[in-house]
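**Student:** Using the working numbering, you'd call the opening residue of the sequence shown number 82 and step up by one each time. Where a beta carbon is used, it is the ideal one built from N, C-alpha and C, also for glycine.
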Amino acid sequence: MNIAFLGLGAIGQPMAARIAAAGLPLTVWNRTASRAAEFAREHGARQGTTPADTAREADIVVTCLPTSRDVAGLLDGADGLLAGMRDGNVLVDCTSGDPATSRFIHNKLAERGIDFIDAPVSGGVSGAQKGTLTIMVGGDPKVLERVRSVLETFGQKIVHCGDVGAGDAVKAINNALLATHILAAAEGLAALVKLGVNPGVALDVINASSGRSNTSMNLFPERVLTRSFPRTFRLALLEKDVGIAAEVARETRVPAPVLQLTADLFRIARGSLGESADHVEAVKMIEQWAGVEIA
Ligand code: NDP
82 MNIAFLGLGA IGQPMAARIA AAGLPLTVWN RTASRAAEFA REHGARQGTT PADTAREADI
142 VVTCLPTSRD VAGLLDGADG LLAGMRDGNV LVDCTSGDPA TSRFIHNKLA ERGIDFIDAP
202 VSGGVSGAQK GTLTIMVGGD PKVLERVRSV LETFGQKIVH CGDVGAGDAV KAINNALLAT
262 HILAAAEGLA ALVKLGVNPG VALDVINASS GRSNTSMNLF PERVLTRSFP RTFRLALLEK
322 DVGIAAEVAR ETRVPAPVLQ LTADLFRIAR GSLGESADHV EAVKMIEQWA GVEIA
């Protein structure tokens with residue numbers, strides 16, 4: 082089984098490395114070609130010259146780009162993916178995408194006899210490196226079975242969620258919960274610090290109580306209290322995810338003021354902290370408003 086992988090970003094790179102380490106023949110492509118060249122050298126993969134060339138020998142094409150629109154943008158033209166893919170191929174999109182664009186891509190590929198599943202991941206860069214990602218899949222379950230062994234090279238928990246777009250929707254709602262936890266924890270801890278409570282002590286209590294979350298148990302102790310703020314998942318990408326979650330709520334006519342407010346707050350944070358800031362750096366915006374550091 083030949084695999085093509087497009088998008089060697091923060092999480093795509095370790096996912097592709099797991100495919101190579103499993104011994105599957107792999108061709109890689111990245112918009113900035115030097116990253117693909119370095120990957121090919123290090124992992125014994127072939128470097129594709131264009132998306133079409135990358136897909137030409139492949140049975141399964143995996144994409145991991147910032148947005149579904151970026152994936153749709155790779156399909157057309159003489160160098161595009163569709164020029165290299167054949168009837169019977171599968172496109173597995175691991176982008177945290179949006180359901181509407183995934184359905185558009187699915188329909189476009191179906192006209193050519195190419196299958197599509199949305200398969201966004203969670204578990205972060207370290208989960209990708211260890212091969213322990215959770216993968217949420219939308220699409221035909223029979224197509225999932227055809228690609229499962231490839232997904233198992235970087236994923237541990239692989240869950241079929243529904244039709245095309247369902248994986249994207251579950252991922253967006255999960256990340257919207259992450260975003261609300263970050264903001265609410267920052268607001269609450271900023272207030273406690275102003276009251277004179279040590280934030281480490283407050284987290285110790287919260288993490289033994291009902292308010293705890295991954296944010297309070299891991300992100301705040303490891304990244305906020307230490308002021309290390311490592312750049313593992315860009316705030317701009319989380320802003321995109323919360324926007325998708327708010328859109329899913331609108332489409333389904335579910336009143337969702339908390340999701341909408343979180344989407345707006347992350348839009349403000351993206352505007353003030355910039356494109357390369359890490360998602361946890363949203364805490365700095367709350368700290369600035371409060372005039373206090375959570376440390
Ligand atoms: P990065 O920003 O680190 O990397 C993005 C990748 O996409 C790069 O390879 C970039 O190429 C490429 N790219 C960007 N725009 C385009 C375009 N228009 N056409 C072609 N290639 C493009 O993102 P991540 O790897 O962090 O994230 C990828 C996806 O995975 C996102 O949807 C994200 O939400 C999701 N995700 C990320 C997690 C994480 O912890 N990082 C966790 C779970 C999901 P170039 O090198 O040229 O910039």
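Can we count Val206 as close to the ligand NDP, meaning its CB is less than 6 Å from some heavy atom?
**Tutor:** If you number the sequence shown from 1, residue 206 lands on position 125. Yes.
**Student:** Classify Ile367 as helix, strand or coil using the three-state DSSP reduction.
**Tutor:** Residue numbering aside, residue 367 sits at position 286 when the sequence shown is read from its first letter. It is helical.
**Student:** Please name the residue or residues paired with Met217 in a DSSP beta bridge.
**Tutor:** In the sequence shown, counting from the first residue as 1, residue 217 sits at position 136. Beta-bridge pairing links Met217 to Val240.
**Student:** Taking DSSP as the reference, what is the three-state secondary structure of Ser203?
**Tutor:** Numbered from 1 along the sequence shown, position 122 holds the residue referred to as residue 203. Here Ser203 sits in strand by DSSP.
**Student:** Could you have a look at Asp157 and say whether DSSP puts it in helix, strand or coil?
**Tutor:** Counted from its first residue, the sequence shown places residue 157 at position 76. It is coil, neither helix nor strand.
**Student:** Scan the region 279-354 and note each continuous alpha helix (DSSP H) run of 4 residues or more that stays entirely inside, going in chain order.
**Tutor:** Whole alpha helix (DSSP H) segments, 4+ residues: 280-287, 316-332, 338-354.
**Student:** Taking only the alpha-carbon atoms, compute the straight-line gap between Ala121 and Asn83 and give it to the nearest angstrom.
**Tutor:** As a working mapping, residue 121 is identified with position 40 in the sequence shown. As a working mapping, residue 83 is identified with position 2 in the sequence shown. Cα-Cα distance, rounded: 15 Å.
**Student:** Going by DSSP, what residues sit across from Gln128 in a beta bridge?
**Tutor:** Within the sequence shown, numbered from 1, the residue matching residue 128 stands at position 47. Note: Gln128 sits in a beta bridge opposite Val109.
**Student:** Using the DSSP secondary-structure output, state which residues sit across from Leu172 in a beta bridge.
**Tutor:** Translated into the one-based positions of the sequence shown, residue 172 becomes position 91. Val142, Phe197.
**Student:** Just to confirm, does Leu162 get its C-beta within under 6 Å of one of the non-hydrogen atoms of the ligand NDP?
**Tutor:** On the sequence shown, position 81 is the one that residue 162 refers to. No - the ligand NDP has no heavy atom lying nearer than 6 Å to the Cβ of Leu162.
**Student:** Work out the CA separation of Thr144 and Cys242 for me, nearest whole Å.
**Tutor:** The residue you call residue 242 lines up with position 161 of the sequence shown. The residue you call residue 144 lines up with position 63 of the sequence shown. Going by the C-alpha atoms only, they are around 19 Å apart.
**Student:** Roughly how many angstroms separate the alpha carbons of Arg112 and Val202, rounded to a whole number?
**Tutor:** What you label residue 112 is simply residue 31 of the sequence shown in a count that begins at 1. What you label residue 202 is simply residue 121 of the sequence shown in a count that begins at 1. Taking the straight line joining both Cα atoms gives about 21 Å.
**Student:** Where Thr296 and Ile287 are concerned, what is the direct C-alpha to C-alpha distance, given to the nearest angstrom?
**Tutor:** Sequence index remark: in the sequence shown, residue 296 carries index 215 (1-based). Sequence index remark: in the sequence shown, residue 287 carries index 206 (1-based). Their Cα atoms are separated by approximately 11 Å.
**Student:** Count the CB pairs spanning the region 355-371 and the region 253-264 that are closer than 8 Å, and state whether there are at least three.
**Tutor:** Touching, yes, given that three or more Cβ pairs across the two stretches are closer than 8 Å.
**Student:** Under a Cβ-count criterion, where at least 16 other Cβ atoms within 10 Å of its own Cβ denotes burial, should Leu162 be classed as buried or exposed?
**Tutor:** Start at 1 with the first residue of the sequence shown, and residue 162 comes out as number 81. Buried: at least 16 other Cβ atoms inside 10 Å.
**Student:** Rank Arg167, Ala326, Thr343 by C-alpha distance to the C-alpha of Ala253 and give the top, closest one.
**Tutor:** By 1-based counting over the sequence shown, the position of residue 253 is 172. Among Arg167, Ala326, Thr343, the Cα nearest to that of Ala253 belongs to Ala326.
**Student:** Quick check on the burial criterion: 16 or more other C-beta atoms within 10 angstroms. Buried or exposed for Ser309?
**Tutor:** Here residue 309 is taken as the residue at index 228 of the sequence shown, counted from 1. By the 10 Å Cβ count, Ser309 comes out exposed.
**Student:** For Ile63, verify whether its CB is less than 6 Å away from any heavy atom of the ligand NDP.
**Tutor:** Shown here, the chain extends from 82 to 376; a query on residue 63 therefore has no answer.
**Student:** DSSP three-state call for Ile84: helix, strand or coil?
**Tutor:** In the sequence shown, the residue the question calls residue 84 occupies position 3. Of the three classes helix, strand and coil, the one that applies to Ile84 here is strand, per DSSP.
**Student:** Between which two residues does the alpha helix (DSSP H) harbouring Gly269 extend?
**Tutor:** Position 188 of the sequence shown, counted from the first residue, corresponds to residue 269. Its alpha helix (DSSP H) spans residues 247-275.
**Student:** Using only the heavy atoms of the ligand NDP, determine whether one of them is closer than 6 Å to the beta carbon of Ser309.
**Tutor:** As a first step, residue 309 is located in the sequence shown; it is residue number 228 there, counting from the start. Every heavy atom of the ligand NDP is 6 Å or more from the Cβ of Ser309, so no.
**Student:** Under 6 Å: does the beta carbon of Ser177 sit that close to some heavy atom of the ligand NDP?
**Tutor:** Walking along the sequence shown from the start, residue 177 turns up at place 96. Yes, the Cβ of Ser177 comes within 6 Å of a heavy atom of the ligand NDP.
**Student:** Considering only heavy atoms of the ligand NDP, does any lie closer than 6 Å to the CB of Cys242?
**Tutor:** Within the sequence shown, residue 242 is the residue found at index 161, counting from 1. No, since every heavy atom of the ligand NDP falls outside the 6 Å radius drawn around the Cβ of Cys242.
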